[in-house]
Amino acid sequence: MSETFSVLDYFVFCSTLIFSALIGIFFWLKSRKNQTNHDYLMGSRNLSVLPVSMSLAASFMSSSTVLGVPVEIYLLGTQFTVTVFFFTLSVLFAAKFFMPIYYDLKLTSINKYLLRRFEANSIRIFGSFGFVVCTVFYLAVALYAPALALSS
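Numbering that gives the first Met the number 0 applies: residue 0 is where the sequence shown begins, and numbers increase by one.
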């Protein structure tokens, strides 16, 4: 196995980056009219399901997932795919029960929901603090695992 990129590897890598950039440029050119910050953040609420779902799926994929899932399947077999079933169930549950609440209230984050629900800024700050703590620990693992894999 070669330790360097081949021409095909460079082609796949560059075409992925170019395709992602072209999607962003297309939607930017399509809606260059005067936009508010809310319209920019929410994509004017007119994006179809495919770009939104692909963006969410890409944002949930960490380097630990990309490196770890193939190893998990290689070592332990395909029973790991059962997690895909339960992940799909959890996404459907959230789409059915939580998303209508956020959509009807026109909320863009859980922080706005906490502020509206409890009418106390301290709850929102506590939720934000908890998110920051969890994210710091997650990023430590997500950055260390690929660094460890690349160093060996």
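Note that CB positions come from ideal geometry on N, CA and C, so glycine has one too.
- Taking a 10 Å sphere around the C-beta of residue 113, we find 16 or more other C-beta atoms and assign the residue as buried.
- With a beta-carbon spacing of about 6 Å, residue 63 and residue 140 fall inside the 8 Å limit used to define contacts.
- About 6 Å separates the Cβ atoms of residue 66 and residue 148, confirming a contact at the 8 Å cut-off.
- Note on residue 123: 16 or more other CB atoms within 10 angstroms of its CB, so buried under the neighbour-count rule.
- Under the three-state reduction of DSSP output, residue 105 falls in the coil class, being neither helix nor strand.
- Relative to the Cα of residue 106, the nearest Cα in the group 59, 125, 44 and 4 belongs to 44.
- In this structure residue 129 does not touch residue 109 by the C-beta definition: roughly 11 Å separates them, more than the 8 Å allowed.
- For residue 119, there is no enclosing alpha helix (DSSP H), as DSSP gives it neither H nor E.
- Each residue's CA atom was taken as its position, placing residue 26 and residue 15 some 17 Å apart.
- Around residue 80, the same chain offers no residue with a beta carbon nearer than 6 Å, after the five sequence neighbours per side are excluded.
- If you draw a straight line from the Cα of residue 120 to the Cα of residue 100, it comes to about 20 Å.
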